[in-house]
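Enquirer:
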Amino acid sequence: MRMKIIWQMRYVSGILLFGIMISGLLPAVISTPSLAQDTTKAAVSIAIIDINGVLEQSIAIKKIRGIIDEENQKFLASTEEEQQSLRSEELELEAHRDILSEAEFNLRLKKFQDRVAVLQQKLQLQRREFDASLQQANEQLRKLLYQIITDITKENGYTLVIQKQNIVLYDLSIDISDEALSRLNKRTKDMTVTFTNKDN
């Protein structure tokens, strides 16, 4: 079973579908050309933000991870009968090792190993699907956060927004991480996460 995440955000003015893709990732430094074109008229105004920290602390990513983990547990439970069957077959094979001929034992062992390989492949494929779903959700959240940073930048007249990990010393008053996190949580509070089959 292949899955993807479909999610939407409710706004005061309507609904934004997260399926809308915005190319590119947030660069180390965000600049606003309209504010920075004439450096002779205004001093540089700098802000910093912890992009990864905001995403990790966001209610949305915690909710998404929780739902993905829940779906993963459901999937593992659905394979429990098959896993138990394999465990029983393994014990039976071991019990008959000295009874069966070498040829018969090797034949049964090969069939058993093939079944194990199929199940392992199934589990690995599903794990990759869950990982891909989480990555997709993370990327979409990052794009929304980029929009929020742009809004904060325009509202406060910042000419540069620098990622926090690139800074050694700074004044706490220029850190917009808390404000960005607050806005991100507000804009994702009505988010819904749905898994859909992608087998076709």
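When you line the sequence shown up against numbering that gives the first Met the number 0, it's residues 0 to 199, in that order.
Here a beta-carbon is modelled for each residue, glycine too, at the ideal position from N, C-alpha and C.
Whole-angstrom Cβ separation of Ala76 and Thr187, contact assumed at under 8 Å?
Expert: So it is not a contact: roughly 29 Å between Cβ atoms.
Enquirer: When you compare only the Cα positions, how much space is there between Arg182 and Ile147?
Expert: C-alpha separation (whole angstroms): 7 Å.
Enquirer: Would you list the one or two residues that DSSP bridges to Ile98?
Expert: According to DSSP, Ile98 bridges with nothing at all.
Enquirer: Using only CA atoms, which one of Asn184, Asp189 and Gln164 lies nearest to Ile48?
Expert: Considering only alpha carbons, the answer is Gln164.
Enquirer: For Leu118, which residues from the same chain have a beta carbon less than 8 Å from its beta carbon, with the 5 sequence-adjacent residues on both sides left out?
Expert: Thr78, Glu81, Gln82 and Leu85, listed in sequence order.
Enquirer: Among Asp97, Arg107 and Lys73, which residue has its Cα nearest to the Cα of Glu89?
Expert: Comparing Cα positions, the closest option is Arg107.
Enquirer: Specify whether the stretch 133–153 and the stretch 58–72 touch according to this definition: at least 3 beta carbon pairs, one from each stretch, less than 8 Å apart.
Expert: Counting Cβ pairs under 8 Å, three or more are found: they touch.
Enquirer: Report the partner residues of Asp174 according to the DSSP bridge assignment.
Expert: DSSP output for Asp174 lists Ile47 as bridge partner(s).
Enquirer: Can you give the beta carbon distance from Ala46 to Ile166, rounded, assuming they're within the 8 Å contact cut?
Expert: 11 Å between Cβ atoms; not a contact.
Enquirer: For the alpha helix (DSSP H) holding Leu75, just list the boundary residues, first then last.
Expert: Looking at the DSSP string, the run of the alpha helix (DSSP H) that includes Leu75 is Ile58 to Ser77.
Enquirer: Can you check whether the CB of Ile50 is closer than 8 Å to the CB of Leu144?
Expert: It is a contact, given that the beta carbons lie within the stated cut-off.
Enquirer: Closest to Arg141 by CA distance: which of Ala42, Gln162 and Leu54 is it?
Expert: Minimum Cα distance to Arg141 is reached at Leu54.
Enquirer: Run the CB neighbour count on Ile98, radius 10 Å, all protein chains shown included, and call it buried at 16 or more, exposed below.
Expert: Result: exposed.
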